[in-house]
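>
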Amino acid sequence: MKVLDAEFVKGYIRMANDGWEQGWHERNGGNLTYRMKPEEVAQVKENFAPKEWMPIGTSVPRLAGEYFMATGSGKYFRNVIIKPEESFAIIELDDKGENYRIVWGLSGGGRPTSELPSHLMNHEVKVIATGGKHRVIYHAHPANVIAMTFVLPLEDKVFTRELWEMATECPVVFPDGVGVVPWMVPGGRDIAVATSELMKKYDVAIWAHHGIFVSGEDFDLTFGLMHTVEKSAEIFVKVRSMAPEKRQTITSQDFRDLARDFNVTLPEEFLD
Ligand code: 13P
Ligand code: ZN
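Now the structure itself:
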């Protein structure tokens, strides 16, 4: 089967375009990776033409031999839907999880996203934490979440609590809360280590003054998670713009009642 005819590839392209339409991907901002299922690799393998091995820039031994879809570095989400072969790649990892090679895509040249170390280290953490259920790691630059990182202390508890309070469904969508990475130079191993450390606990990691990483099982859940967090952040920005303090909000006891009826466990550390 041709790569672009496969259902999972159509899902990937749709998600990238949805992110563009939300305004989360100015220029080449953001990146998207997907850990392919063995049967999906088998479906499209006849199209693969491996290029040379290149260092990942970190080591992900638990992902050795796996195949990923990854947006290209410097490529625009805006173009994914009209020039898919030029905008993203399928890559294969070597048997140590230290090198990758492009086996399809990026037809005009280029390399996978500069955030590949963060994506792959997050995938590795999630393979362990979810028994392989999570397959999608998504990085975007949504304006309202980024704005929050200029006015709130960069603490997991403060961000979790504010985002939960801004929309009743938030604690149901991300019951573990969100983590915050202080400002760091993007694109390298250090920020990948810091982010993947938070991904052991959360599905959402906010990069101060930069953007967000989210992790999820499939394209719908992962896009939906990004969308929910950013919508909540938008409400936060509106509330703060109207008044310095909230007149009323959802209380810790309200969250406990919600958790009981919706069958989720909310960490007590976020409820005092
Ligand atoms: P890439 O174009 O290399 O994916 O970088 C975009 C980005 O958002 C960096 O954080
Ligand atoms: Zn970025």
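Going by this note's numbering, the sequence shown opens with residue 7, and the numbers climb by one from there.
Beta carbons: idealized from backbone N, C-alpha and C, even for Gly.
(1) Using only the alpha-carbon positions, how far apart do E240 and M7 sit?
(2) Can you tell me whether K132 is buried or exposed, with buried defined as 16 or more other CB within 10 angstroms of its CB?
(3) Using 8 angstroms as the Cβ pair cut-off and three pairs as the minimum, do the segment 32 to 51 and the segment 13 to 24 touch?
(4) Residues in the same chain with beta-carbon distance under 6 angstroms from L158, minus the five sequence neighbours each way, listed in chain order, please.
(5) Per DSSP, which one or two residues make a beta bridge with T202?
(6) Leaving out the 5 sequence neighbours to the left and right, which residues in its chain are closer than 7 angstroms to I19 when beta-carbon positions are compared?
(7) Any heavy atom of ligand 1 inside 8 angstroms of the beta-carbon of T64?
(8) Quick one: what does DSSP say G217 is sitting in, helix, strand or coil?
(9) By DSSP, does A12 sit in helix, in strand, or in coil?
(10) Between W110 and the rest of its own chain, which residues show a CB-CB distance below 6 angstroms, the 5 nearest in sequence each way excluded?
(11) Which one or two residues does DSSP pair with R107 in a beta bridge?
(12) Out of K244, S221, H125, state which residue places its alpha-carbon closest to the alpha-carbon of K139.
(13) Comparing C-alpha positions only, which one of G36, P61, E236, E72 sits nearest to T155?
(14) Give me the DSSP bridge partner(s) of Y73.
The structure says:
(1) Answer to the nearest angstrom: the Cα atoms are 42 angstroms apart.
(2) Classification of K132: buried, given that the 10 Å Cβ count is 16 or more.
(3) Because the criterion of three Cβ pairs below 8 angstroms is met, the segment 32 to 51 and the segment 13 to 24 touch.
(4) Counting only Cβ-Cβ distances below 6 angstroms, and skipping sequence neighbours, we find V164.
(5) A quick correction: the sequence has Ser, not Thr, at residue 202. According to DSSP, S202 bridges with nothing at all.
(6) Hits under 7 angstroms: V86, I87, P90.
(7) No, ligand 1 has no heavy atom inside 8 angstroms of this Cβ.
(8) Three-state result, G217: strand.
(9) Here A12 sits in coil by DSSP.
(10) If we look at W110 and ignore the five residues flanking it on each side, its Cβ neighbours are V9, N53, F54, I96.
(11) Partner(s): E98.
(12) Taking K139 as reference, the option from K244, S221, H125 with the minimal CA-CA separation is S221.
(13) The candidate whose alpha carbon is nearest that of T155 is E236.
(14) DSSP, once it has assigned bridges, lists E98 as partnering Y73.
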